[in-house]
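Q: Quick note, the sequence shown lines up with residues 188 to 508 if you use the working numbering.
All C-beta atoms in this analysis are idealised placements derived from N, C-alpha and C, irrespective of residue type, glycine included.
These numbers come from a predicted model, not from an experiment.
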Amino acid sequence: MQPSPPIENIPLIELSVEASDEAVDWVATLLKSTNYICDISITKYIEDIKPSNWTSTVWLYFPYDSDANIRCLEIENLLSSLQRTGLISELKASVIDQKPQHENASQPLIRRIGKRFTIFPTDTLSPLPTTDKIILKLNPSFAFGSGLHPATILSLQLLEKHLTPGMNTLDLGSGSGILSVAMAKLGANVLALDNDAVAVKATQDAVKLNEVESQVKVILGSLGCGSEMGHWLGGNVEEDVTNIAPSGNCDLIIANIFARIHTTLAPEYQRALKSGGILIAAGFTDDYKDAIASSFQASGFNIIDQETSDEWVALAAILNS
């Protein structure tokens, strides 16, 4: 895929991709991992004109120069796993004079979640935290998606209710790092795991940005047999991914990941948690709720709480004594 050569000296490359609700976070995360992205915009579809399963268009812009075609190919390769699994469309490229103003464009928002969490983009002046307010700082590109995705919001709502200070916690599939940061700011010690190197870097950046390095350890790895399941998008897992054996010393696990991974890892969750430990599972829709709940119950959990937003569901379960 290459854009057509410009007729005149046109300064910008415009790339666009249609994305499902699940993929917007990851598109932003992957694009942010590059060193040359000039600008990122996200537009939401109006419900009555939404095509197929796409909910948003992600636009990105960078200078049209001698490296432009190479950059286009690198970005296409970067997004290939999402495209292969049907979460995004093919990438489109064109050469333009200047960046347009998109209708329905998302803006980085200051967002209050639950009773205590407030998400602030880093380019927004945030107030000092108080005893009843926890500030979560996000890079502006992540504030479009990761902090506002329904699965993430539901996870934060359940964390607020079930995490107590001093807990030893595990964030499985840490992604942008927002949940690891939230747990640290609630007073927990956190092990953040992801088998994607880009996500690990994003989590490390979020931890540093929010100044919780002393409470969060970030590892390129997975829990138990999770390391044998491959990359969640069907890509290759790095050879140096660490396999963390369940040891029964976690007070709380949060996993905001795909449904099929929850059902497979249910026994690993059980082995990783202390008796009476809490499991918070998110990242799936109501279609998968019963299957996931059944797999948890078969591994010794009782469902004690849930949060919903449209079709998205998050469950909290306690491990039986």
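In whole angstroms, what separates the C-alpha of Glu261 from that of Pro454?
A: Going by C-alpha positions, Glu261 is about 39 Å away from Pro454.
Q: Please confirm whether Ile300 has its beta-carbon closer than 8 Å to some beta-carbon of chain E.
A: Among the chains of the structure shown, chain E does not appear; only one protein chain is present.
Q: In chain order, what residues of the same chain have a beta carbon less than 8 Å from the beta carbon of Gly464, not counting five sequence neighbours either side?
A: Cys437, Asp438, Leu439, Ile440, Ile505 and Leu506
Q: What do you reckon, are the CB atoms on Val385 and Ser409 nearer than 8 Å?
A: no
Q: So what's Phe471 in DSSP terms, helix, strand or just coil?
A: strand
Q: Measuring CB atoms only, is the region 381 to 401 touching the region 480 to 494, in the sense that at least three cross pairs come out at less than 8 Å?
A: no
Q: Mind checking who Pro250 pairs with in its DSSP beta bridge?
A: Leu199
Q: Can you give the beta carbon distance from Thr242 to Asp208, rounded, assuming they're within the 8 Å contact cut?
A: 5 Å
Q: Please go through the same chain and pick out, in chain order, the residues whose beta-carbon is closer than 6 Å to the beta-carbon of Ser482, but skip the five residues on each side of it.
A: Thr450 and Ala453
Q: Output the distance between the C-alpha atoms of Phe519 and Gly273, rounded to the nearest integer angstrom.
A: Residue 519 lies beyond the stretch modelled for the chain, which goes from 188 to 508, so this question has no answer here.
Q: From Leu217, Ala485, Lys286 and Leu466, pick the residue whose C-alpha is nearest to that of Ala501; which is it?
A: Of the candidates Leu217, Ala485, Lys286 and Leu466, the one whose C-alpha sits nearest the C-alpha of Ala501 is Leu466.
Q: State the CB to CB distance for the pair Leu378 and Lys404, rounded to an integer number of angstroms; the pair is presumed to be in contact (CB under 8 Å).
A: 5 Å
Q: Using beta-carbon positions only, say whether Leu247 and Leu199 come within less than 8 Å of one another.
A: no
Q: Determine, using beta carbons only, whether Gly301 and Leu265 come nearer to each other than 8 Å.
A: No. Outside cutoff.
Q: Closer than 6 Å by C-beta to Ile431: which residues in its own chain qualify, once you throw out the five before and the five after it? Chain order, please.
A: The residues are Gly408 and Leu410.
Q: Who are the near neighbours of Gly486 in its chain, counting only those whose CB is closer than 8 Å to its CB and skipping five residues on each side?
A: For the record, residue 486 in the displayed sequence is Ser; it is not Gly. So the list reads Ala453, Pro454, Tyr456 and Gln457, once near-sequence residues are dropped.
Q: Go ahead and pull the three-state DSSP assignment for Glu398.
A: coil
Q: Around the C-beta of Asn326, are 16 or more other C-beta atoms found within 10 angstroms, so that it is buried, or is it exposed?
A: Under this definition Asn326 is a buried residue.
Q: Which word fits Pro352, buried or exposed, when buried means at least 16 other C-beta atoms lie within 10 angstroms of its C-beta?
A: exposed
Q: Could you check the C-alpha separation between Arg303 and Lys286 for me, to the nearest Å?
A: 37 Å
Q: Straight-line CA distance for Ser434 to Leu460?
A: 8 Å
Q: If you compare alpha carbons, which of Lys219, Ala210, Ala206 and Val204 is closest to Val387?
A: Lys219
Q: Would you kindly work out how many angstroms separate the C-alpha atoms of His336 and Ala480, rounded to a whole number?
A: 22 Å
Q: If you check the beta carbons only, do Leu443 and Gly360 fall under 8 Å apart?
A: Looking at the sequence provided, one finds Asn at residue 443 rather than Leu. Cβ distance < 8 Å, so Asn443 and Gly360 count as in contact.
Q: Report the residue from Arg299, Ala338 and Thr244 whose alpha carbon sits nearest the alpha carbon of Asp473.
A: Ala338
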